[in-house]
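Residue numbers (my numbering): 168 to 297.
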């Protein structure tokens, strides 16, 4: 979905995203705002996502989309999988999730016959992975 959103925001053609039940009866500027808000809300990095109050204001048309995006454009840092050096990228996130799941499985096999507190090994592994 993200490549479709990026393309729609770049060229203004939202046909691939629109509910066919609308039968092309929609306001293009409202559609642009809605798609831009959706794109901003699904950024991998939470610090790059807007506040919900900003989303509401943008949907109402009371906040310019440039303000909503904080200068981030489709394809730039924090959105659509092309990340800058400060952002937590998708590949790193996937690797960290694999490490986390592996550690959880190891903890589970160690604790099969006894009750114990969950191990914090995965937290330190994630911190050292960064």
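Heads up, the beta-carbon is just placed ideally off N, CA and C, and yes, glycines get one too.
Please report the Cβ distance between residue i and residue j, rounded to the nearest whole angstrom; I am assuming they are in contact, meaning their Cβ atoms lie under 8 Å.
i, j, result
"residue 208", "residue 222", "7 Å"
"residue 211", "residue 257", "6 Å"
"residue 228", "residue 200", "7 Å"
Would you kindly check if the distance between the Cβ of residue j and the Cβ of residue i is under 7 Å?
i, j, result
"residue 232", "residue 205", "no"
"residue 217", "residue 235", "yes"
Go to residue i, then tell me how far its alpha helix (DSSP H) extends in each direction, as first and last residue.
i, result
"residue 227", "219–227"
"residue 202", "195–208"
"residue 175", "169–178"
"residue 235", "232–236"
Buried or exposed, going by whether 16 or more other CB atoms sit within 10 Å of the CB of residue i?
i, result
"residue 215", "buried"
"residue 269", "exposed"
"residue 176", "buried"
"residue 183", "exposed"
Is the Cβ of residue i closer than 7 Å to any Cβ of chain C?
i, result
"residue 222", "The structure shown contains no chain C, having only a single protein chain."
By the three-class DSSP mapping on this structure, what secondary structure does residue i have?
i, result
"residue 213", "helix"
"residue 248", "Interpretation of residue 248 is limited by its pLDDT of 41, a score under 50 that renders its predicted location unreliable; the figure taken from the coordinates is listed afterwards. DSSP places residue 248 in coil when its eight states are reduced to three."
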